[in-house]
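Worksheet for the structure shown next.
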Amino acid sequence: MPDLKSVFAKGLRVCMAEANMKPPQLAAESHVSVDAIRKYLRGEQAPTLETTCKLAVALGCSPNDLCSFDSVKGD
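In the numbering used here, the protein residues as written are 5 to 79.
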């Protein structure tokens with residue numbers, strides 16, 4: 005399984021680009037600190053589910069889009 009922090013960082017970058025949003029704008033819209041958003045973008049930290057939902061709403065995407073999970077596979 006890939007590292008959640010790296011997966012989230014990639015999904016966040018993609019969704020931010022699609023929404024044409026920079027970290028300060030996203031922070032204002034989501035009420036998540038710019039510092040936290042920058043840590044997520046660098047893959048240093050993974051957000052809580054609540055924070056993921058706040059970011060998704062602000063970006064107009066789903067939490068699944070941020071996590072980049074295409075499908076769930078069972079073993």
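Even for Gly, the Cβ is constructed at its ideal location relative to N, Cα and C.
Remark: C-beta atoms of Cys71 and Thr55 do not approach each other more closely than 9 Å. Within the same chain, Cβ atoms closer than 7 Å to the Cβ of Val36 are found at Thr55, Lys58 and Leu59, the five residues on either side in sequence being excluded. Non-local beta-carbon contacts of Lys9 in its own chain, meaning distances under 6 Å to residues more than five positions away in sequence, involve Gly47 and Ala50 in chain order. When the Cα atoms are used, Cys19 and Ile41 turn out to be separated by approximately 13 Å. Setting aside the 5 residues that flank it on each side, Pro67 is surrounded in the same chain by Thr56, Cys57 and Ala60, each with a C-beta closer than 7 Å to its C-beta; the list follows chain order. The alpha-carbon separation between Pro27 and Asp7 amounts to approximately 22 Å. Of the other Cβ atoms in all chains shown, fewer than 16 fall within 10 Å of the Cβ of Ala32; this residue is therefore exposed.
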